[in-house]
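I have placed the structure first, in the form of structure tokens, so that the comments after it can refer back to it.
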RNA sequence: GGACCGGUAGCUCAGCUGGAUAGAGCAGCUGCCUUCUAAGCAGCAGGCCAUUGGUUCGAAUCCAAUCCGGUUCACCA
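In this note's numbering, the protein residues as written are 263 to 856.
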């Protein structure tokens, strides 16, 4: 149990014993004591003065005395300022905590809780390469899954690949028209970029054709529908749906190029999936559910044969679930896929990591599933994240301001290399070791940069700021880890691990470190419950910062006494382990040296 | 127009289930490498927490209104 939980528990007990009044632990507010006051944790008493009809001073004294007397292993003293009861935790408590956990490889993690959570993330389109927004999605999804796993959940990572539709046909027709049989192999271009280039070519040609038609006197609106290349793409989509062999063959070939490209990127950034769904295999799902919904009266049919659901009573709109030609729409497929996923995995929770422009969509999805009485419904959770913008505004593919994922990754790694070379600290590394280090640092910087802000908020990606490896960054934390490891290597023998630590007086920075370390599992819990890796990122940064101050202020290897040395080695050991574990949950590696 | 999200230091962000004098990082300015890695540490400076009103012992935090920015409300996905 965490210190804060213990304080709440014993405070509730104190109020019960002293005043014979029952309060729940949730009623008790415990904060970290502000640095300018004496104490470690503070119980806020204002809430009880009315209920117990005592002045804050009396209340604080009664509770404080009870706590210190009855829980002498936990509290050493208290003071009251206004309505704040400041409690000082005994040094022995922190020392025991440290002794009990410094060698605990599962520190901060929880036992399996038997609950199953699906996390769907990444979900690319196969007509163009990944960009910065996809990276935020991938890092978030992967990290959220890892954090939930650390909290005891059984995790299934999934991805739905949007591998069919008009956008794919656009790349396909452009390839037919302009490629002269070129392939990624023949050109040496990474497959996803290769296909993406033809998607761009399609749009160029399309715009040209529309302009030409407009010049010839056709209204723009008509011209946009009449352009030959667009008609070709639409025809191709129909042929694909009809299963025309040449079209299906080309589709398979071009998608295989894209997958080969994606695989390289996924491998580089560490994204992986337990189950991949392809839209080409799921887009017909959900049609049967429309029939069910009609029977149950959840849906209704309009005169033209299209099927709708009326969500106006829920504050939403009327929503189409099946076109008049009997084909299903996006939401219908999603309902079908949700059912499929549930049948396959019987999940307790199904998290969709999808951008916040689809908030409305997922609201509708959940409502419909609930109204259909599907068991999969209540577990649906949309982990929405904000758009990644550039300092100049949104990324726009038409203006060529989209930041390509592969380019970004390569640039970060190259900057890592440049900075490492400037500092010249690892000249004895082999080429492979250097390569690994650059990857670790470059990707660490990028991942941390994208994960350190609240997922729900849109964020500005400032390239200059992102390549800064100082301060609130991944490399700073990695550096802190490397410094600790350097010390631990110096103490080569393991005797210190057996040695007990004395409960001598803790210096302020020693206590701050211990206090911060103790909060690790609480933070993992919070990050999991709120689906928010940024909570963890901020925590690790603060931990590294406290350690850095401690490191500068106090020597470990040349400590004042052997006992202090043992204590500090264990503090260092637990700090390095916590940084490593915490960063792992963000998908970031930490080096032994840098 | 309806719904939803946001507005905190020059910039990027924490803090938002109400608590003490609102915090980081970057940028700016001062110091600190014969001592465990200076990708570091210590310090200075920087704020009408968008505005107005309300709720109360107490509001950046809750409520209402207003202003500004964004998303969304497709027989697109």
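Glycine is no exception: its CB is placed at the ideal position from the N, C-alpha and C atoms. A quick note: this is a predicted structure, and the numbers were derived from the prediction, not measured.
query	result
Can you say whether residue 562 is buried or exposed, counting buried as having 16 or more other CB atoms within 10 angstroms of its CB?	exposed
Express the C-alpha separation of residue 494 and residue 519 in angstroms, rounding to a whole number.	22 Å
Using the three-state DSSP reduction, which class does residue 350 fall into: helix, strand or coil?	strand
According to DSSP, simplified to helix, strand and coil, what is residue 617?	strand
Using a threshold of 8 Å, state whether the C-beta atoms of residue 742 and residue 810 are closer than that.	yes
Is it true that the region 374 to 390 meets the region 592 to 610, where meeting means three or more beta-carbon pairs spaced less than 8 Å apart?	yes
So what's residue 451 in DSSP terms, helix, strand or just coil?	coil
Scan the region 539 to 584 and note each continuous beta strand (DSSP E) run of 3 residues or more that stays entirely inside, going in chain order.	569 to 572 and 580 to 584
Beta-carbon within less than 8 Å of residue 435's beta-carbon, same chain only, minus the 5 sequence neighbours each way: which residues are those?	464, 491, 494, 495 and 498
So what does DSSP say about residue 206, is it helix, strand or coil?	No information on residue 206 is available, as it lies outside the stretch 263 to 856 that the chain covers here.
Below 8 Å, can you find three or more Cβ-Cβ pairs linking the region 384 to 404 to the region 354 to 363?	no
Would you grab the beta carbon distance between residue 573 and residue 566 for me? Rounded to a whole angstrom, and I think it's under 8 Å.	With 8 Å as the limit, residue 573 and residue 566 do not qualify as a contact, their Cβ atoms being about 20 Å apart.
Threshold first: 3 residues or longer. Then list the beta strand (DSSP E) segments lying entirely within the region 322 to 347, N to C.	337 to 343
Does residue 714 pass the burial test, meaning 16 or more other C-beta atoms within 10 Å, or should it be called exposed?	buried
What is the rounded straight-line gap between the Cα of residue 684 and the Cα of residue 469?	48 Å
Just mark residue 508 as buried or exposed, buried being the case when its beta carbon has 16 or more other beta carbons within 10 Å.	exposed
Going by DSSP, what residue range makes up the beta strand (DSSP E) through residue 294?	291 to 294
What's the gap between the Cα of residue 843 and the Cα of residue 288?	30 Å
Under the three-state reduction of DSSP, which class applies to residue 596: helix, strand or coil?	helix
From 328, 803 and 282, pick the residue whose C-alpha is nearest to that of residue 272; which is it?	328
Candidates 281, 689 and 736: which alpha carbon is nearest residue 706's?	736
Quick check: the region 442 to 451 against the region 633 to 641, are at least 3 beta-carbon pairs closer than 8 Å?	no
Look at residue 370 and residue 782 and say whether their C-beta atoms are less than 8 Å apart.	yes
For residue 385 versus residue 421, is the C-beta distance shorter than 8 Å?	yes
What does the alpha-carbon distance come out to for the pair residue 604 and residue 598?	10 Å
Please report the Cβ distance between residue 588 and residue 709, rounded to the nearest whole angstrom; I am assuming they are in contact, meaning their Cβ atoms lie under 8 Å.	The pair is not a contact, with the Cβ atoms about 45 Å apart (cut-off 8 Å).
Going along the chain, which residues of its own chain have a beta-carbon closer than 8 Å to the beta-carbon of residue 780, five neighbours each way excluded?	264, 265, 356 and 359
Terminal residues of the continuous alpha helix (DSSP H) containing residue 378?	No alpha helix (DSSP H) holds residue 378; the beta strand (DSSP E) holding it covers 378 to 382.
Quickly, what does DSSP pair residue 420 with across the bridge? List them, please.	382 and 537
Could you say which of 624, 527 and 488 lies nearest to residue 668 if we only look at CA atoms?	527
Buried or exposed: which applies to residue 818, given that a residue is buried once 16 or more other Cβ atoms fall within 10 Å of its Cβ?	buried
Is residue 387 helix, strand or coil when you go by DSSP?	strand
Who are residue 611's beta bridge partners in DSSP?	379
Using DSSP with H/G/I as helix, E/B as strand and the rest coil, what is residue 642?	strand
Should residue 699 be labelled buried (16 or more other beta-carbon atoms within 10 Å of its own) or exposed?	buried
Any idea what DSSP makes of residue 817, helix, strand or coil?	coil
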